[in-house]
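*Asks:* Chains A and B supply the protein sequences, listed in that same order. For the first sequence, my numbering begins at 28 and goes up steadily by one. For the second sequence, my numbering begins at 496 and goes up steadily by one. Cβ atoms here follow ideal geometry from the backbone N, Cα and C, with glycine treated the same way. Every value quoted in this text rests on a predicted model; they were computed, and no experiment measured them.
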Amino acid sequence: MALNRKLAFIDLSSGEIEISEIPRELREKYLGGRGLDIHLLFKHLEPGVDPLGPENVCCISAGILVGTPASASARTHIMAKSPLTGLLGSSNMGGFFAPELRYAGFDHLVIRGQAEKPVCLWIHNGEIEIRDAAHLWGLDTFETQEAIRDELRDPEIKALAIGVAGENLVRFANVVTGHKNAAGRTGMGAVLGSKNLKAIAARGTMGIDLAQPREALEYDREVCNQIASTKFGQIMQRWGTMFIYGVTNSTGLVRVNNFQSNQHPDSEKIECENMDEHSTGTAGCFGCQLHCRHRYVIKDGKYAGTYGEGPEYTSQGAWGAEVGCRDFPTILYGNHLVNKLGLDTLETGSLISWGMELFEKGIITKEDTGGLDLKFGNTDAVIEMIRQIAHREGFGDVLADGPKGAMERLPAEAAPLCVHVKGMSNLHSDERPTPSLALGIATATRGSDHLRSRPAIDLYYLPEPLLRKIYGSPVPYDGPLTSDYGDYDGKAWMVFWQEMLYMAVDCLGVCKFHTIFLSPNMPAFDEFSKWLKLIPGLEMSPKDVWDVAERAYNLERLFNLREGATRKDDWLVDRYFDEPTPRGFDVVRNKTLDRDKFKAMLDEYYELHGWDKKGRVTDETLERLDLAAAVGSN
Amino acid sequence: MKASPKSREGQVRCLNCFERFRPEKKAERATCPSCGIEWRISYPYPTTPKIRGPVWDHYPTPE
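1. Quick check on the burial criterion: 16 or more other C-beta atoms within 10 angstroms. Buried or exposed for A/S660?
2. Pop quiz: A/I410 and A/Y360 are said to be a contact at Cβ under 8 Å. What is the actual Cβ separation, rounded to whole angstroms?
3. If we define contact as Cβ-Cβ less than 8 Å, is A/F355 a contact residue for chain B?
4. Which residues of chain B have a Cβ atom closer than 8 Å to the Cβ of A/F259, listed in chain order?
5. Do you know offhand how far A/V522's Cα is from A/Y632's?
6. With 8 Å set as the bound, which would you pick, yes or no: does the beta-carbon of B/G548 sit closer than that to a beta-carbon of chain A?
7. My assumption, with CB atoms under 8 Å, is that A/V537 sits in contact with A/L92. Please give the rounded CB distance.
8. Taking Cβ positions only, does A/I358 come closer than 8 Å to chain B?
9. Which class does A/M106 belong to by DSSP, given the choice of helix, strand or coil?
10. Mark A/L545 as exposed unless 16 or more other C-beta atoms lie within 10 angstroms of its C-beta, in which case mark it buried.
11. Which first and last residues belong to the beta strand (DSSP E) in which A/G116 is found?
12. A/L34 by DSSP, collapsed to three states: which one?
13. Relative to the C-alpha of A/I325, which residue among A/G335, A/C319, A/Q316 is closest?
14. Closest Cβ-Cβ distance between B/F516 and chain A: below 8 Å?
15. Between B/P539 and chain A, is there a C-beta pair that is closer than 8 Å?
16. Going by beta-carbon coordinates alone, are A/A551 and A/I562 separated by less than 8 Å?
17. For the alpha helix (DSSP H) that A/P240 lies in, which residues bound it at each end?
18. For A/H318, which of A/L128, A/Q253, A/G260 has the nearest alpha-carbon?
19. Put B/E514 into one of helix, strand or coil per three-state DSSP.
20. Below 7 Å on C-beta distance, what does A/T278 contact in chain B?
21. According to DSSP, A/R158 sits in a beta bridge with which residue or residues?
22. Is it buried or exposed, A/L466, if we count other Cβ atoms within 10 angstroms and call 16 or more buried?
23. Can you tell me the Cα-Cα spacing of A/L111 and B/V507, whole angstroms?
24. For A/V370, does the three-state DSSP call read helix, strand or coil?
25. Please determine, among A/P81, A/S556, A/Y57, the residue with the shortest C-alpha to C-alpha distance to A/S88.
26. Which same chain residues end up closer than 8 Å to B/E504 when comparing Cβ atoms and leaving out the 5 residues on each side of it in sequence?
27. Suppose contacts are defined by Cβ-Cβ distances below 8 Å. Is A/S456 in contact with A/R282 by that definition?
28. Going by the CB atoms, is the gap between A/S342 and A/R212 shorter than 8 Å?
29. If you run the structure through DSSP and keep just helix, strand and coil, what is A/M269?
30. Which runs of the beta strand (DSSP E) fall wholly inside the region 174–250 of chain A and span at least 3 residues, in chain order?
31. Out of curiosity, what's the CA-to-CA distance linking A/P50 and A/F133?
32. Taking the alpha carbon of A/A331 as the reference point, which residue from A/F355, A/F586, A/E384 has its own alpha carbon closest?
33. What residues in its chain sit with their C-beta under 8 Å from that of B/C512, if we drop five residues either side in the sequence?
34. Tell me where the beta strand (DSSP E) around A/W520 begins and ends.
35. By the DSSP assignment, the alpha helix (DSSP H) with B/T526 in it spans what residues?
36. Using CA atoms only, rank isn't needed, just tell me which of A/P438, A/S452, A/E420 is closest to A/P430.
The structure is reproduced here in structure tokens:
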């Protein structure tokens, strides 16, 4: 059945592999994926270890619904202590690896130690082998996956791999499966690189029995229809997340030239409509009817022959607005390059744009950049910086250390211009006019983040009754809720609610585009409860699912507190409070965040969580969530 | 879950004032009757319009 997948502890120093069952009690408390990973990480990682040392523990998992009829049940989750932030590292990706991992018999891998030489893991039908991978070291992520399939003579193998960035311990190196699916954030590729673990390959034919197969299939059809009928679903099928760019830039909610503006009028050449010229069709992850990424080939020009999948909104920001480039092929090429080299597109683009602002303001010069003319809009310099970062060459080596590390190596005037939270760069959106989105990135457990707490539907001016219906279940809420995204009232609750929703989704292993993220008409706790009954056979109410999410979220918080995080880490850089937005419609122009109101909102957010004024989890909350025994005294 | 109501087919929602309006068929530009913002229109599907972005020359400029 769906609950009989195993947990494997793999020690790369000793070569020992221990395989065990996952107790049902743990399933009921954490489900799987991100939830069970934080339980495992919290339990097995000693506080204070070097994230790039052998003591770091890396958990890789599939959610509890992965590989089943549940819609878009494709997600792989990776968690470790982050070499980028020194706090929680956590990243999530689609594709086909996680279903294959389950078909090969495993849900969770806990990887410790450090191999003497490069290795890869080969997981197939209940067995795990540690194999030599010296010949794979130096290959890019695409080549590595192909080489593994060739070597093992099975084109159906699904693999995840690090690129040269992970090998070179770039602190925001990612892990890639396929051509586009990337566990991009928090440097999980560097953690694998530090362990000399180049790749993990999986292939399995072990079926997953469903608790109620007929009902599960019928319910899946219902949910698929629900998702496909939404306007959001239809536009995603056509252009993926690229459609967001036109909307947010029109309003004035994007970041331009490293936060110096919130809108650029010369947008036509990088809007999603340009994709049609390069697209060869669309593709999707396992079990997804949306197919939100394009496959593309650049036919001519200096990037002729470049192929890839995507790009996402994030890459439009990273290789377009943020670095001052206004041609679509550069966006496609930048997207292709970071995926091949194994770099987080968001972090890489943000850091390069930061470097460009420093260059234009004379804080760094050509002496620092090795002669590179790092001006906004210099596409060749952008591409060269990507290469330098991945190979840790020249100025790229400075940026490869991420915001915290680079700030230590650059003049003091550089630090205030870096736009980050907890040492992780912000998305290419501008949250100055939107307090709810700002609170979300300030407080997210893995650092600045739009995928762990963002109430994106706050931007839609939804009527209050609809907001009450969404945000009032499964936990009743009768506090303020407003349709005005510029307001501070009730936004703390929206962030809290979205945190629980996204955590639940990450425990299930379902894509966030199939829940209330960018559309109010998507599945949420009620649907999750039904899926859990029909697929793994767990009788859990919507509130029970919420409780799992809250338990896991608090454990993430406790992880960060244990690593030294404090209230000051739940804050934004001064630019959010001091530099008004220069452009956009009236609702977003000339806006900054109000420090006092933001502080009050943070207090409210802590209170909703059951944390004290300093952001510490109270004993009452530990008891309520049955966490006291797991964490000991707080 | 509801599909988009039939009555909304062919409509777009103004990104400035959030009112819905229906551009002329196949029009590449349309002006929101409520707030007067002029939009560029694209078509993800043959009869489905989408706001692509503003006509920048007519966009409210910073004071």
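*Replies:* If we stick to the structure as given:
1. Only weak support is given to the placement of A/S660: the predicted model assigns it a pLDDT of 46, under 50, and the value that follows is read from those uncertain coordinates. Under this definition A/S660 is an exposed residue.
2. Between A/I410 and A/Y360, the beta carbon gap of about 7 Å places them in contact (Cβ cut-off 8 Å).
3. No - not a single Cβ of chain B is within 8 Å of the one on A/F355.
4. Within 8 Å Cβ-Cβ: nothing; A/F259 doesn't reach chain B, min ~10 Å.
5. Cα-Cα distance, rounded: 8 Å.
6. It does; some Cβ of chain A falls within 8 Å.
7. The Cβ separation is near 6 Å, so the contact holds.
8. A/I358 does not count as touching chain B.
9. Three-state result, A/M106: strand.
10. With 16 or more neighbouring CB atoms inside 10 Å of its own CB, A/L545 falls in the buried class.
11. For A/G116, the enclosing beta strand (DSSP E) stretches over residues 115–120.
12. When DSSP states are grouped into helix, strand and coil, A/L34 belongs to the strand group.
13. Looking at the Cα atoms, A/G335 is the closest of the given residues.
14. False, the Cβ-Cβ gap to chain A never drops below 8 Å.
15. At a cut-off of 8 Å, the C-beta of B/P539 has a neighbouring C-beta in chain A.
16. For the pair A/A551 and A/I562, the CB atoms are not nearer than the 8 Å cut-off.
17. Judged by DSSP secondary structure, A/P240 falls within the alpha helix (DSSP H) whose first and last residues are 240–256.
18. Closest in C-alpha terms to A/H318, from the list A/L128, A/Q253, A/G260, comes A/G260.
19. Residue state, collapsed to three classes: coil.
20. The CB of A/T278 comes closer than 7 Å to the CB of L510 in chain B, given here in chain order.
21. According to DSSP, which records beta bridges pairwise, A/R158 is partnered with A/C147.
22. Burial call: buried.
23. Between A/L111 and B/V507, the alpha-carbon positions lie close to 42 Å from each other.
24. It should be noted that the sequence gives Leu, not Val, for residue 370 of chain A. Assigned with DSSP and collapsed to three states, A/L370 falls in strand.
25. Among A/P81, A/S556, A/Y57, the Cα nearest to that of A/S88 is on A/Y57.
26. Short of 8 Å from the beta carbon of B/E504, and not among the five residues preceding or following it, lie these beta carbons of its own chain, in chain order: T542, T543.
27. With respect to the 8 Å criterion, A/S456 and A/R282 are classified as neighbours on the basis of their beta carbons.
28. No, the pair does not count as a contact, with Cβ atoms beyond the cut-off.
29. Secondary structure at A/M269: helix, using DSSP grouped into helix, strand and coil.
30. Correct list: 185–188, 202–204, 208–210, 224–230.
31. Using only the alpha carbons, I get a separation of about 14 Å.
32. Considering only alpha carbons, the answer is A/F355.
33. Excluding positions up to five away in sequence, the list reads C527, S529, C530, I532.
34. Boundaries around A/W520 are those of the alpha helix (DSSP H), 518–535, since no beta strand (DSSP E) includes it.
35. Per DSSP, B/T526 lies in no alpha helix (DSSP H); the unbroken beta strand (DSSP E) holding it starts and ends at 524–526.
36. That would be A/S452, whose Cα lies nearest to the Cα of A/P430.
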